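The structure under discussion appears below in the form of structure tokens.
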Amino acid sequence: MNRIILPFPLIVILILCSICQSGANTSKLPKRETSKGTLFQKLEPADTGINIVLPINKKHPLKRMYVSAFACGGVSSGDVDGDGLVDLFIANGPGKNRLYINRGSLKFDDSTETANLGGGDAWTGGAPLVDIDGDGDLDLYACNYGTPNQLFINNGKGIFEENARQFGLDINGAILMAAFADYDQDGDLDAYLLGHRHYRNGGRPPKPPTVFKNGTYEVLPNYSKYFQVNLNSRAGFKLDAAGARDFLLRNDNGKFVDVTEEVGINSKPWQGNSVTWWDFNSDGLQDIYIANDFEGPDFLYRNNGNGTFTDVTTLQMPHVPWFSMGADAADINNDGHLDLLVVDMAGTTHYKSKTSMGTMGSNQQFMLTANPPQYMRNCMFINAGTANRFLDTAYMSNLASSDWSWSVKLSDFNEDGWTDAFITNGIARNFNDSDNPIDKETLVNKSEWSLYEKLPSRPENNLCFKNNGDLTFKDTSKEWGLDELSMAYGAIRADLDSDGDLDLVVTNLEKPVSVFKNQATGNRLTVRLTSTTANTKAIGARIEIKTSLGIIVRENHPVRGFSSCDDSLIHFGLGKDLNVSEMKIVWPDGSSEIKRDLAANHHYEFTQTQKTESKIAAKKEEKHSLFTKSSHFRDIGQHWEQPFPDFKHQPLLPNKLSQYGPGIARGDIDNDGDDDFYLGGSTGSVGRILLNLGDGRFQERAFREGILEAGSEDLGALFFEANGDDKLDLFIVSGSVEAPPNHQRYKDRLFLGKGNGEFIKANEKSLPKIFDSGSSVSAADFDKDGDLDLFIGGRAVPGAYPLTPNSRLLSNDGSGNFNDVTEKSAISLKSIGMVTSAIWTDIDNDTWPDLIVANEWGPVKLFHNVKGTLKPKSLGTDKLTGWWNGLAAGDIDNDGDLDIIATNFGFNTKYKATIAAPELLFYGDFDSDGDKELLEAGFENGECLPHRGFSCSSGAMPFLKDKLKTFHNFATASLQELYTENKINDSLQLEANTLATGIFINTSSKGNPEFSFKPLPLLAQASPSFGITIADMNFDSNLDIFLAQNFFNPQIETRPMDNALSILLTGDGKGNFEAMSSESSGIVLPGDSKGTSWGDLDSDGHPELVVTTNDGPINSFSYNSKSSEIPLVQIKLKGRKNNPSAVGAIVRIQINQNTQLTRTISAGSGYLSQEPYSMLFPANIRGKKATITWPDGNVTSTSIPTSNNNLVILR
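When we follow our numbering, the leftmost residue of the sequence shown carries the number 1, and every step to the right adds one.
Okay, here's the thing in structure tokens:
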């Protein structure tokens, strides 16, 4: 077969001809010369002609507005005179607005007077350019404070006439910005008007203007637009500033009608800062995100498709920012889904953070009860796809803090194919200085501005972050020439010079508007859309393109960021790609069309054709996830926690120690052939037996009265053979810190099984009298005497964290009587640290089970079993100290030995640990009062600094308040300056230098253990991980990893670490793993997930994943047979009398020359969890030989039958 190879220029010509025939206008973008300077070049006002300065007018009667989002006007861009060039409109706050007409070559003329757009005396915030009347040109809608909004209708030649009343848009209030979309898909644009706040002349009245009426407090009518009653206060109620209400206005044949409450939008007045229309769930309908300031929650409204909206914020978002400012939506990770960045005002340095935190006590109740939770930082919401949930990767992405931010623009500025982030910063005054707090008495008869007016301004550097393509961002502000120091508010991105890249325009207080020319030289593609409906600019349209870097999505929504409006040009950076194989356009009415083979470095103009107006289905292809959520535990009540005041006993404790459960045990306790569970209880509620009914349902069975006390908190739990009667027994570890040290509540418990699902309490003498607060339990025949022995991990010394508790090795005499042999057989185990998890596994193939132990503030440790004596031995990774949580063993690289997976806190928290700059913990008497305190510390620019703020630190150690007096002094002091070098040196010191969840890869030889550490992929680090299941979950013969994630109980300054949804990672059999999206896995767990277990629950031949939740439900996910019909083979081992489940056995099956499957039977693994005493294999093991290394060291072989799906192999 002869192939004709065409030269590339000819390919481009053919592509363009094809596109032209489809009705598109196409033009080649100009070639750009490589610049020797920064990516962006700032242009001087004298060169551009844009010389407006937005001043702080100290004589203006409304100068009190400078404390608000109205302080600095926004900027809008678009072609107002139809010449093909992008013009600019600057809203000047209290001054005269400006229209600048683009004359080409980045030269602009002030045409305000000619165009009739001065705005009069109105104080304008945002003013979007939009085609209101559907005649094809851009009109202007000015949002004003305290006077009616103005609508300027364009006559098509750039001359405007005000006509807001005729359209019903003359709203008089405190509207900061308006955004437009066709939410009801009737072909015209509807409007969302964002209310901010009214500022009363004269401040607060001397007495609260309230009246007690109908059992509650109400604000008097003359004051209701300024103040509101807050009943969520420890004082009963307090008088807060009121926001201004929002409006959703439906366009009914050119008249805008208020349908806010009718369609389900909350009409309560909040202090809005930005409004974002976007289609977050890709259903072709326009949804809304509202970013509100202060204690007003953000709102995510889902468009229901019937003209109504539903608030789904708490269903979709783990939390929102506390002081939400601007927002923008774009596809950050090129997965075809829109993500959302919402900015706050968290400081980028230790000093800024510590001087703006304020006092925790005054905000504590709100912080604990806000719904959704609100955090004082930016949120980078990553769309999980059809799971309709968002992760927050802000810390991991290096986007959590950006100073006092206003506008955010998500665009591919350097045209490498990945979306970058530009953020404007600064504020008229330092309004959140904790040393200058304002209380209600201070504001009596005074405005906030009057208290700050004479203080210095607070300029900040604007920031720009380059997308690295892996969900992380690099600060390139200076490198790209965008780190201007200013009080910057509004910003637009637009191609001002028609060269195909995105330039930036930024409005500043007290200095000229900034214009930045983009000098990128990458491959790019631009698109402009036109509709034949009244929505002529196709606002709300969506474009997806397929590239070598993934599927990239852009939306045509000009109003993004803060009080600003972009041109409607859609820009794609393409990196090295020279063409786009496929482009999908989803029009505002939900119809779609496909364009193919588009050449790079061209501009395309597409008009919605008659064909698309017939509403071509825009539905996505149906996909089957690997798992679906099942209802096996629907009749089982959730785990319940009774809150305990950990921080009352140790005020500077990093995390609560009373909420680490529940543990979960698994085994067939009634001998009916299927697995049952024990779900641990918390203090005040007993644990529960969950009996498997065999049909996919479970039933709770309570212990006999008096057998199981409610006073103890269950941590680890284990079904195992204790006394040799072939009936599973139950061991429960007692933990937490809810009683004094050595209290009876901490006594561990052993229950003997009767073989029918019932248990009796073992003789008191069966266990040594130990009263340690423990964590995990795991069993193995460490001394090879035929029975199962126990390791019990010590978790904490109540009231004395982080002192080392006792851990224990208990030897079984074969009859269920256990003796403490720690000092005899494992002396080093007793004080190995705060143990979180432990597993037994033969890591060097010498047939003796070794013990691997994870602890907090230490390394993962190995205790090598030398013929029944456990000796500490290096894994080769002893320098890696962390906050390890769970452990599991599996042969992830198919080389015949067992590797270790260890969970940690990940990269997506405020903590950043490296070997050079570890996280530190100090425990000592720092205030000389005879009691010991805790200090958390980290590093910034090589200096050791405290993590906790002045409020919490001085609350625990009052001498700090007397010594330092101000937040400024605290923020400028090093740890040694705060507590003295001698006190620091005399304290107990711990460190953590890695927070990565990862794999300890086994490279051991017989008798010589050795490991190397490899972090799991970045998405696995998106939240603290606890439970682990290692199994072949997609049945490709390679082991996969499931991680149970999130941690809801840190101290109040840290806030819950609730960023993830738990995660499945698929293995390639060579030690490499790829994170599976929630959309593909079907696993969505936004709660505080803890324990895990994997296996067939309902005897249907397919496994289920079980995940427990602290203070939440027990969840299960069934293997989705629609994903692929894969028959499975289950293997059980039948061992000797005192170890009938053959705990410690290793099974190896050689599939082919390159693949050997290795599995082990364990009793206790993961995090406070237990996997089944059976193994699931793909059907390709049939006919192969299985080699079993039994717990006593003997090795046998057997052939796997070709037809049997359930195999029992006898010792």
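Built from N, CA and C at the ideal position, the CB exists for glycine as well. Just so you know, these numbers come straight off a predicted model, no measurement behind them.
Check, Outcome
"For P588 and N163, what's the separation of their Cα atoms in angstroms?", "26 Å"
"Would you mind stating whether F1073 and L1065 have Cβ atoms separated by less than 7 Å?", "yes"
"Is it true that the CB of S1169 sits closer than 7 Å to the CB of G1091?", "yes"
"Check whether the Cβ atoms of N723 and G816 lie closer than 7 Å to each other.", "yes"
"State buried or exposed for F212, treating a residue as buried only when at least 16 other CB atoms are found within 10 Å of its CB.", "exposed"
"Over the uninterrupted alpha helix (DSSP H) stretch that includes I1200, give me the two end residues.", "Here I1200 belongs to no alpha helix (DSSP H), and DSSP marks it neither H nor E."
"Which class does F212 belong to by DSSP, given the choice of helix, strand or coil?", "strand"
"Just to confirm, is the Cβ distance from N508 to S486 under 7 Å?", "yes"
"Leaving out the 5 sequence neighbours to the left and right, which residues in its chain are closer than 6 Å to Y145 when beta-carbon positions are compared?", "F70, W123, A174"
"Residues in the same chain with beta-carbon distance under 7 Å from P209, minus the five sequence neighbours each way, listed in chain order, please.", "V219, L220, Y223, F227"
"If contact is defined by three or more beta carbon pairs under 8 Å, each pair taking one atom from either stretch, is the stretch 905-914 in contact with the stretch 963-980?", "no"
"Whole-angstrom Cβ separation of I999 and L1018, contact assumed at under 8 Å?", "About 14 Å separates the two Cβ atoms, so there is no contact after all."
"Under a three-way DSSP split, which group does M360 fall into?", "helix"
"When you compare the stretch 565-573 with the stretch 432-445, are there three or more beta-carbon pairs, one atom per stretch, that lie closer than 8 Å?", "no"
"Excluding the five sequence neighbours on either side, which residues of its own chain have a C-beta within less than 6 Å of the C-beta of G1193, listed in chain order?", "T847"
"Does T114 come out as helix, strand or coil in the three-state DSSP assignment?", "helix"
"Please return the same chain residues whose Cβ sits closer than 6 Å to the Cβ of F1047, not counting the five positions on each side in sequence.", "P1024, M1057"
"Along the alpha helix (DSSP H) that carries L960, what are the first and last residues, could you check?", "959-964"
"Just confirm the distance between the C-beta atoms of R795 and V821, as a whole number of angstroms; I'd bet it's less than 8 Å.", "R795 to V821, Cβ: 21 Å. No contact."
"Compare the C-alpha of I689 against each of T48, N535, L652, D635 and name the closest.", "D635"
"If you follow the alpha helix (DSSP H) that E981 is part of, which residue opens it and which one closes it?", "981-986"
"Kindly indicate which residue of T1029, I1131, P798 has the alpha-carbon position closest to the one of T903.", "T1029"
"Could you have a look at F939 and say whether DSSP puts it in helix, strand or coil?", "strand"
"Give the single residue among T536, S1118, S775 whose Cα lies nearest to the Cα of S736.", "S775"
"Going by DSSP in three states, K28 sits in which element: helix, strand or coil?", "strand"
"Compute the Euclidean distance between the alpha carbons of L410 and A329, then round it to the nearest angstrom.", "7 Å"
"Could you spell out the range, first to last residue, of the beta strand (DSSP E) harbouring F89?", "87-90"
"Span of the alpha helix (DSSP H) holding A1020?", "Taken as a continuous stretch (DSSP letters only), A1020 belongs to no alpha helix (DSSP H), as it is neither H nor E."
"Helix, strand or coil for Y604 per DSSP?", "strand"
"Evaluate Q650 with the Cβ neighbour count: other Cβ atoms within 10 Å of its Cβ, from every protein chain shown; 16 or more gives buried, anything less gives exposed.", "buried"
"Along the alpha helix (DSSP H) that carries L451, what are the first and last residues, could you check?", "448-452"
"With distances taken Cα to Cα, identify the nearest neighbour of F388 among G361, Q365, W406, P318.", "Reading off the sequence shown, one finds Asn at residue 388, where the question assumed Phe. Nearest option by C-alpha distance: P318."
"Answer yes or no: do H350 and E940 have a C-beta to C-beta separation smaller than 7 Å?", "yes"
"Following the continuous beta strand (DSSP E) through H571, name the residue where it begins and the one where it ends.", "570-575"
"For D632, does the count of other Cβ atoms within 10 angstroms reach 16, so buried, or fall short, so exposed?", "A quick correction: the sequence has His, not Asp, at residue 632. By the neighbour-count rule (16 or more Cβ atoms within 10 Å), H632 is buried."
"Kindly indicate the opening and closing residues of the alpha helix (DSSP H) around A971.", "967-971"
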